[in-house]
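Participant: Please see the structure below; I have some questions.
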Amino acid sequence: MKKIGLFYSFNTIKTAKNAEKIKNAFGDAVDIDKVNVEEIDEETFLSYDNMVLGVPTWFDGELPNYWDEFMPAIEDLKLKGKTVALFGLGDQVGYPENFVDAIGILAKALEERGAKVIGLTSTEGFTFERSAALRDGKFLGLALDIENQAALSNDRIKNWVEQLKGEFN
Amino acid sequence: MSNHFAKPEWNIHNVSSCTGNHTLHAVGVGRAMKKYKHEGVVFSSQGESSVSEGYVYEAINGATNEQLPVVFVFQDNGYGISVPKKDQTANRKVADNFRGMKYLKIIHCNGKDVFDSMNAVLEAKEYAMANSTPVIVQANCVRMGSHSNSDRHELYRDNAELNYVQEYDPLAKYRRMLVRYKRFTEEELQAIDAEVKLEVKKAHKAGLTAPDPDPASIYDFVLPEAYVSEKYPEGTHSFTGNEKKLIEGLNETLKAEFRHNPDTYIWGQDIANKDKGGIFNVSKGMQQEFGKERVFNAPIAEDYIMGTANGMSRFNDKIRIVVEGAEFADYFWPAMEQFVETTHDFWRSKGQYAPNITVRLASGGYIGGGLYHSQNIEGALTTFPGVRIVYPSYADDAAGLLRTSMRSKGMTVFMEPKALYNDPKAATPVPEDFEVPFGKARVRRAGSDLTIVTYGNTTHMCVEVADKLAEESGKQVEVIDLRSLIPLDKETVLKSVAKTNKVLVVHEDKVFSGFGAEISAMITEEDIRKVRCTSKTCGINIYSCRI
Ligand SMILES: Cc1cc2nc3c(=O)[nH]c(=O)nc-3n(C[C@H](O)[C@H](O)[C@H](O)COP(=O)(O)O)c2cc1C
Ligand SMILES: Cc1ncc(C[n+]2csc(CCOP(=O)(O)OP(=O)(O)O)c2C)c(N)n1
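Protein chains in written order, with my numbering: chain A, 2 to 170; chain B, 7 to 553.
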């Protein structure tokens, strides 16, 4: 498996903690670079063919600033040949109308530039009204809700990483 | 009063402090744009919480129904002062409450992002103009500080929240984006900052050193100028043609004014449908003659009727609007907030905007109606500075006052004693061009033994009683028909009181705090001999004042 760039904001606590868990679940055999999204530029982003992106949802269905501010750059990138998996924290009780929307917003933008999005997961076990992260009834990545289902996160991460091992090149 | 800042010459209008009530004005301006085929769009902006106000729903319902180019922006910062938005409405995004409305486009944007906001508003503008339909833009914003100086947000927001709202400062993000995408260098931005700071500092200093306003100036701009009658300066005539009923006087004057001024409009409930012309048929035949663009029905939403009149009148000052404010004066209460708003506008804009509106209201008792078909509301309405209120009792005065109202600037409430519409008692000859100036009472019967001050329905009762008294006792009672409540013709009243030394005030309004109490108080205050007043009530309301 090619080296993975694990992108998330180092200023977060919750997302960072789960990124760490994901890294651990891959184990030492997989080469993973942690990259702070707050500081990335186009060059760093393009230097990985395999990427795992941490994207929590903020403000009723929005990307956090650090991703949102990189979006105009993404719109000009050629991402053919890139394989991307996304995980996102959300709160299905507090924000049932926009549950983990940010996964969907980012996934769709990357796909439009040619990237392949992998790591789709089932919505089973979640209760919400709407989500922009859905395609054909599946999330376009891994949804984590540590606000309401913290106890389920470890298994969700473990299963997802196993799935990714099969899907990444 | 920061929310009252305005720049009428740039079409930036002064809005009230009453959260969200300018949505109705926006719809009124939109209606004018459509009628005058003006290429434009109206913007209205408010917070998400004030969308809870009923009139906002009336406004958006009306804008969709009339298909008007109005963009309603909701800036959603999650709070109405301390109240989180979950206590306002069930949907997280209040724009979603309007999803079922036909012809309405809803656009969501990130209000913390300058570019996304700009694109959303541009899209909304183009859509509204191209389709002549309303758009809602729901902008997802953030409130970094307290609501106002008197609010302390740390009382209801935790540290985590106070922290992240700072991180989402839209201006800081804008700066980062400008630099990141090489639109500006940090140095260029700093130079702009410095320049703006200097400008603000200068303005601040100029504000602080400006002299305080003269206290006497609070009376400036209370009422815009009234139409001046050259031919009938006292509002009297000696015409002797055929007698016309009060309803005919009104109907014919409305039509004459609509012929005279092409920028006249009338709407209300039941105002026009085939042969129906107003709940009491006062506007009968108008839609046939002047068309649906100028004579049209309104929804059962009195605040909408009043608020869109205020708005449409803003489009240009040639426009003269007549509304049937409610089917019965009794149903005007839902329109009170726009009525109050409209009384303020001229004063609040320092004379830059005069709402040129005549509000017709069928008023008073004696038709055998119940609680909501018999009310007199003039006692409540006359407490507001910034409106004229007239109340004729005869056909000629009704015609003359209506003409003056429709030619004047500002708002006039035109009370129609509905029991007299078809009553032969109120029928008089009416000169075709009759005009009655505001603030001119009319002595309906001369006398020197007692003064009766009255108006509306009770004028006729007083004249009848006076005739009877003369017959029975030989005493002559002077009956003064006020015609205008605001402005009030104090001179005629005081002159008569000086002659008769006895006054009886007769009116139909509330016993407690009715308009008659004000007349009685005025006589007590202004008559140099300091008359003493006692009051008596008998079905109708009588105040008697003795010297
Ligand atoms: C203001 C605010 C808005 C939020 N909006 C959403 C949302 O629309 N959808 C969602 O699934 N979660 C939403 N959340 C929940 C966050 O995604 C969740 O708390 C997450 O754990 C935050 O992770 P982070 O602190 O690492 O960024 C919101 C949280 C906050 C504080
Ligand atoms: C009719 C009315 N009711 C109450 C108030 C007091 N008030 C002033 S601002 C405000 C909150 C408005 O919240 P929102 O519409 O969300 O706008 P924001 O101030 O958050 O931008 C309230 C309740 C008012 N000005 N007018």
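The beta-carbon is built from N, C-alpha and C at its ideal position, and this holds for glycine as well.
Everything numeric in this text was worked out from a predicted model, so none of it was measured.
Residues in its own chain within less than 6 Å of Tyr-109(B) by CB, not counting five upstream and five downstream?
Facilitator: By one-based count along the second sequence, residue 109(B) stands at place 103. Excluding sequence neighbours, Tyr-109(B) sits near Thr-70, Gln-73, Thr-139.
Participant: Helix or strand or just coil, what does DSSP make of Thr-364(B)?
Facilitator: By one-based count along the second sequence, residue 364(B) stands at place 358. In this structure, Thr-364(B) counts as strand in the three-state DSSP scheme.
Participant: Give the list of continuous alpha helix (DSSP H) stretches no shorter than 4 residues that lie fully inside the segment 271-317 of chain B.
Facilitator: With a minimum length of 4 residues, the continuous alpha helix (DSSP H) runs that stay inside the segment 271-317 of chain B are 292-296.
Participant: Answer yes or no: the CB of Asn-83(B) versus the heavy atoms of ligand 2, is any distance below 6 Å?
Facilitator: Against the second sequence, residue 83(B) aligns to sequence position 77. Under cutoff, so the answer is yes.
Participant: Relative to the C-alpha of Ala-304(B), which residue among Glu-54(B), Glu-330(B), Gly-60(B) is closest?
Facilitator: Counting from 1 along the second sequence, the entry for residue 304(B) is found at position 298. When each option's Cα is compared against that of Ala-304(B), the closest is Glu-330(B).
Participant: Could you tell me whether any Cβ in chain B is nearer than 7 Å to the Cβ of Phe-60(A)?
Facilitator: Taking the first residue of the first sequence as 1, we reach residue 60(A) at position 59. It does; some Cβ of chain B falls within 7 Å.
Participant: Which of the three DSSP states, helix, strand or coil, is assigned to Thr-128(A)?
Facilitator: Numbered from its first residue, the first sequence carries residue 128(A) at position 127. Three-state DSSP puts Thr-128(A) in coil, outside helix and strand.
Participant: To the nearest angstrom, how far is it from the Cα of Ile-306(B) to the Cα of Asn-316(B)?
Facilitator: Here residue 306(B) is taken as the residue at index 300 of the second sequence, counted from 1. Here residue 316(B) is taken as the residue at index 310 of the second sequence, counted from 1. The alpha-carbon atoms of Ile-306(B) and Asn-316(B) are separated by roughly 17 Å.
Participant: May I ask which residues mark the beginning and end of the beta strand (DSSP E) holding His-513(B)?
Facilitator: Taking the first residue of the second sequence as 1, we reach residue 513(B) at position 507. Unbroken beta strand (DSSP E) run through His-513(B): 508-513.
Participant: Is Lys-18(A) near ligand 3, in the sense that its beta carbon is under 6 Å from a heavy atom of that ligand?
Facilitator: Questions concerning ligand 3 fall outside what the structure shown contains, since the ligands it does hold are ligand 1 and ligand 2.
Participant: So, using beta-carbon positions, are Ala-404(B) and Gly-255(B) closer together than 7 Å?
Facilitator: Sequence index remark: in the second sequence, residue 404(B) carries index 398 (1-based). Sequence index remark: in the second sequence, residue 255(B) carries index 249 (1-based). Yes, the Cβ-Cβ distance between Ala-404(B) and Gly-255(B) is below 7 Å.
Participant: Which whole runs of the alpha helix (DSSP H) in the segment 57-88 of chain B are 4 residues long or more, in chain order?
Facilitator: Fully enclosed alpha helix (DSSP H) runs of 4 or longer: 60-71.
Participant: Flag Arg-413(B) as yes if its beta-carbon sits less than 7 Å from any beta-carbon of chain A, otherwise no.
Facilitator: In the second sequence, residue 413(B) corresponds to position 407, counting from 1. So no, Arg-413(B) is outside the interface.
Participant: Residues bridged to Glu-167(B) by DSSP?
Facilitator: Position 161 of the second sequence holds residue 167(B). Paired residues: none, contrary to the question.
Participant: Taking Val-393(B) as the reference, which of Lys-496(B), Thr-434(B), Glu-347(B), Glu-308(B) has the closest Cα?
Facilitator: Taking the first residue of the second sequence as 1, we reach residue 393(B) at position 387. If we check each option's Cα against that of Val-393(B), Glu-347(B) comes out closest.
Participant: Determine the DSSP secondary structure at Asp-1(A), reduced to helix, strand or coil.
Facilitator: No answer is possible for residue 1(A): it lies beyond the span of chain A, which begins at 2 and ends at 170.
Participant: Tyr-9(A) to Asp-34(A), Cα distance in whole Å?
Facilitator: Here residue 9(A) is taken as the residue at index 8 of the first sequence, counted from 1. Here residue 34(A) is taken as the residue at index 33 of the first sequence, counted from 1. Answer to the nearest angstrom: the Cα atoms are 11 Å apart.
Participant: Report yes if the C-beta of Pro-57(A) is less than 6 Å from at least one heavy atom of ligand 1; otherwise report no.
Facilitator: Taking the first residue of the first sequence as position 1, residue 57(A) is located at position 56. Within the cutoff, so yes.
Participant: CA-CA distance, Gly-84(B) and Phe-390(B)?
Facilitator: Position 78 of the second sequence, counted from the start, is the residue given in the question as residue 84(B). Position 384 of the second sequence, counted from the start, is the residue given in the question as residue 390(B). Computed Cα separation, rounded: 35 Å.
Participant: Glu-70(A) touches chain B at which residues, Cβ-Cβ below 8 Å?
Facilitator: Translated into the one-based positions of the first sequence, residue 70(A) becomes position 69. The contacting residues are Lys-179, Arg-182, Met-183, Arg-186.
Participant: Can you tell me which of the three DSSP states Thr-45(A) falls into?
Facilitator: Within the first sequence, numbered from 1, the residue matching residue 45(A) stands at position 44. In the structure shown, Thr-45(A) sits in a helix (DSSP, three-state: H, G or I).
Participant: Closer than 6 Å to a non-hydrogen atom of ligand 2 - does that hold for the CB of Thr-25(B)?
Facilitator: Taking the first residue of the second sequence as 1, we reach residue 25(B) at position 19. Under cutoff, so the answer is yes.
Participant: Output the distance between the C-alpha atoms of Lys-452(B) and Gln-294(B), rounded to the nearest integer angstrom.
Facilitator: For the purposes of this step, residue 452(B) is taken as the residue at position 446 of the second sequence. For the purposes of this step, residue 294(B) is taken as the residue at position 288 of the second sequence. Reading off the sequence shown, one finds Ala at residue 452(B), where the question assumed Lys. Near 44 Å, if we compare the C-alpha coordinates of Gln-294(B) and Ala-452(B).
Participant: Give, in chain order, every unbroken run of the beta strand (DSSP E) that is at least 3 residues long and sits entirely within the segment 44-113 of chain A.
Facilitator: As far as the segment 44-113 of chain A is concerned, its whole beta strand (DSSP E) runs of at least 3 residues are 51-55, 84-90.
Participant: Return the residues of the segment 134-149 of chain B that lie within a Cβ-Cβ distance of less than 8 Å from chain A, sorted by chain order.
Facilitator: Cβ contacts with chain A: Asn-146, Val-148.
Participant: For Gly-213(B), does the three-state DSSP call read helix, strand or coil?
Facilitator: In the second sequence, residue 213(B) corresponds to position 207, counting from 1. DSSP places Gly-213(B) in helix when its eight states are reduced to three.
Participant: If contact means a Cβ-Cβ distance below 9 Å, which residues of the segment 164-175 of chain B contact chain A?
Facilitator: Those residues of the segment 164-175 of chain B that come within reach of chain A (Cβ to Cβ, closer than 9 Å) are Tyr-170, Glu-173, Tyr-174.
Participant: Tell me the DSSP bridge mates of Cys-115(B)?
Facilitator: For the purposes of this step, residue 115(B) is taken as residue 109 along the second sequence, with counting starting at 1. Its beta-bridge partners are Ala-145(B).
Participant: Between the alpha carbons of Pro-75(B) and His-44(B), how many angstroms are there, rounded?
Facilitator: Residue numbering aside, residue 75(B) sits at position 69 when the second sequence is read from its first letter. Residue numbering aside, residue 44(B) sits at position 38 when the second sequence is read from its first letter. In a straight line, the C-alpha of Pro-75(B) is about 10 Å away from that of His-44(B).
Participant: 7 Å is my cut-off, CB to CB: does His-379(B) come that close to chain A?
Facilitator: The count along the second sequence starts at 1 and reaches residue 379(B) at position 373. No, His-379(B) does not count as interfacial toward chain A.
Participant: Counting contacts by CB-CB distance shorter than 7 Å, is Asn-362(B) in contact with chain D?
Facilitator: The structure shown has no chain D; the protein chains it does contain are A and B.
Participant: Where Lys-505(B) and Thr-498(B) are concerned, what is the direct C-alpha to C-alpha distance, given to the nearest angstrom?
Facilitator: In the second sequence, counting from the first residue as 1, residue 505(B) sits at position 499. In the second sequence, counting from the first residue as 1, residue 498(B) sits at position 492. Distance between the alpha carbons of Lys-505(B) and Thr-498(B) is about 11 Å.
Participant: Leaving out five residues before and five after Pro-340(B) in sequence, what residues of the same chain have Cβ atoms less than 6 Å from its Cβ?
Facilitator: Position 334 of the second sequence holds residue 340(B). Within the same chain, Pro-340(B) has close Cβ partners Glu-308, Asp-309.
Participant: Three or more C-beta pairs closer than 8 Å, one from the segment 42-61 of chain B and one from the segment 367-379 of chain B: is that the case here?
Facilitator: No: the two stretches stay apart, fewer than three of their Cβ pairs being nearer than 8 Å.
Participant: Cβ of Gly-406(B) within 7 Å of Cβ of Glu-438(B)?
Facilitator: As a first step, residue 406(B) is located in the second sequence; it is residue number 400 there, counting from the start. As a first step, residue 438(B) is located in the second sequence; it is residue number 432 there, counting from the start. Going by C-beta atoms, Gly-406(B) is not nearer than 7 Å to Glu-438(B).
Participant: If we count the other Cβ atoms within 10 Å of its Cβ and call it buried at 16 or more, is His-19(B) buried or exposed?
Facilitator: For this step, residue 19(B) is matched to residue 13 along the second sequence. By the neighbour-count rule (16 or more Cβ atoms within 10 Å), His-19(B) is buried.
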